[in-house]
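Encoded as structure tokens, the structure appears first; notes follow it.
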Amino acid sequence: MEINIDLSLAMRADHEVRIGFGDLNARREALGLMSYYDALRYIPVSYSRETGKQGRFVIGVAPIDYSVFAMINDPMAPPEIRSSTLQRLLALKRISSSIRAEWKSGHVGLLGSQTCLVTSDKRILLRKRGANVLFARDRWDVSVSGFCGRDDVLGNGTQLDFSRTIEHETTREIGHVRGDPRRIQPVGLTRNLRTGAIDILAYWQIESTSMKLARLLTMRPGSMNRVFDTEIKAIERYVWDSKNLIVNLGRSDISYAWTKCGVQAKDFEPQSLLCIDLTLERLMDQKKPSFLDAWEGI
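Position in the sequence shown counted from 1, then plus 7, gives you the working numbering.
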């Protein structure tokens with residue numbers, strides 16, 4: 008997978024956005040929500056796949072300040088600033104027609120990743136997002152999901168390394184796990200038509216056991232096949248209110264745990280289910296029944 012950065016298309020916060028961003032954060036704090044921080048992120052502007060069954064995905068991205076992204080996507084942002092910021096985005100050149108069409112319909116998404124952490128004893132962590140995230144609030148998710156950022160840029164400054172994103176997000180959202188980032192394996196690329204987000208789907212076989220992984224989140228015993236709170240605060244404050252579920256890596260085991268805990272396929276975003284499906288297919292040779300098919304059949 009190749010991710011190329013076009014620096015000439017950078018969307019940086021102007022004075023209007025900075026004022027609006029401060030107003031938006033004040034509104035969030037008044038509601039008891041955490042304020043956003045203005046980190047550099049990357050927005051997809053093109054994508055393609057090289058010919059052949061094993062052809063690489065090639066993604067073009069542009070730098071964007073999170074304040075700009077929040078102005079466009081958060082419904083609490085001042086409407087006039089939302090409109091003018093979206094027009095700035097639409098004025099960019101060299102954008103693929105399909106992505107521009109989604110922007111026009113209000114679906115503006117960042118480049119991110121969805122990752123299943125697979126422990127040494129063949130279990131995976133699933134997490135339920137809390138109220139402080141911008142998208143998919145109170146929805147179930149894979150182990151780690153996050154956006155590509157400045158720390159994931161390669162030395163020449165014109166390419167992103169998605170494995171760095173996954174390694175950094177794991178540390179920020181969970182803590183230090185034992186694992187070789189060279190074992191991070193991409194399994195697909197997905198595009199959410201409701202949000203415009205493009206996510207790299209992957210799994211990471213780590214050396215930590217499920218017990219060691221659970222101890223990064225809670226000190227309470229008995230974390231298998233039950234939903235438990237995040238009691239140990241990681242660096243990333245937006246996951247402090249996440250719920251957690253550790254299950255065996257197998258379709259029947261996952262289904263059993265979901266039934267026991269009152270979790271259903273409809274409680275996930277489709278890209279998360281696809282990531283789980285593809286991880287099971289690659290590591291366990293289990294293709295059916297598909298969790299994504301269950302979601303689409305609802």
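Glycine included, C-beta positions come from ideal geometry on N, C-alpha and C.
For clarity, every value in this text was computed on a predicted model and none was experimentally measured.
Endpoints, beta strand (DSSP E) assigned at residue i
i, result
"Arg-233", "Arg-233 -> no beta strand (DSSP E), and no H or E assigned at all."
"Gly-195", "191 to 198"
In DSSP terms, what residue i is bridged to
i, result
"Asn-139", "According to DSSP, which records beta bridges pairwise, Asn-139 is partnered with nothing at all."
"Ser-55", "Val-65"
"Val-254", "Ile-131"
"Pro-70", "Tyr-49"
"Val-125", "Ile-131, Gln-212"
"Leu-118", "Ile-205"
"Ser-152", "Gln-121"
"Phe-76", "None; Phe-76 has no bridge partner."
"Val-160", "Leu-167"
Check whether residue i and residue j have beta carbons under 8 Å apart
i, j, result
"Gly-186", "Trp-211", "yes"
"Asp-72", "Leu-47", "yes"
"Ser-249", "Thr-126", "no"
"Val-65", "Ile-12", "no"
"Met-321", "Phe-28", "For the chain, the structure presents residues 8 to 305; residue 321 sits outside this window and is missing."
"Arg-56", "Glu-9", "no"
"Val-149", "Ile-88", "no"
"Gln-94", "Thr-197", "no"
"Leu-223", "Ile-239", "yes"
"Arg-171", "Glu-243", "no"
"Ser-53", "Ser-103", "yes"
"Tyr-49", "Leu-124", "no"
"Leu-280", "Trp-265", "no"
"Ala-33", "Ser-74", "no"
"Leu-285", "Val-194", "yes"
"Glu-176", "Gly-162", "no"
Simplified DSSP assignment, three categories, for residue i
i, result
"Asn-11", "strand"
"Ile-106", "helix"
"Cys-282", "helix"
"Asp-300", "helix"
"Trp-147", "strand"
"Met-18", "strand"
Range covered by the alpha helix (DSSP H) that runs through residue i
i, result
"Asp-206", "From DSSP, Asp-206 is part of no alpha helix (DSSP H) but of the beta strand (DSSP E) over 205 to 212."
"Val-24", "22 to 37"
"Phe-169", "169 to 180"
"Met-218", "217 to 222"
"Ile-88", "86 to 97"
Nonlocal neighbours in the same chain, by C-beta distance under 7 Å from residue i, ignoring five residues either side
i, result
"Asn-255", "Lys-129, Arg-130"
"Arg-157", "Leu-47"
"Thr-202", "His-114, Gly-116, Phe-142"
"Ser-230", "Ala-221, Ile-253"
"Ala-241", "Arg-179, Glu-180, Ile-181, Gly-182"
Any non-hydrogen atom of the ligand MN within 7 Å of residue i CB
i, result
"Gly-203", "Absent from the structure shown: the ligand MN. Ligands present: none."
Neighbourhood of residue i by C-beta distance below 6 Å, restricted to the same chain and skipping five residues each side
i, result
"Asn-139", "Leu-40, Met-41, Tyr-245"
"Ser-91", "none"
"Arg-134", "Asp-148, Ser-249, Asn-251"
"Cys-155", "Tyr-49, Leu-118, Leu-167, Thr-172"
"Ile-205", "Pro-51, Leu-118, Arg-198"
"Lys-294", "Glu-288"
"Phe-275", "Trp-147"
"Glu-174", "Pro-188"
Residues of its chain near residue i, where Cβ-Cβ distance is below 8 Å and the 5 sequence neighbours each way are ignored
i, result
"Cys-268", "Asn-232, Arg-233, Val-234, Leu-252"
"Arg-144", "Arg-136, Gly-137, Ala-138"
"Leu-97", "Arg-107, Trp-110, Lys-111"
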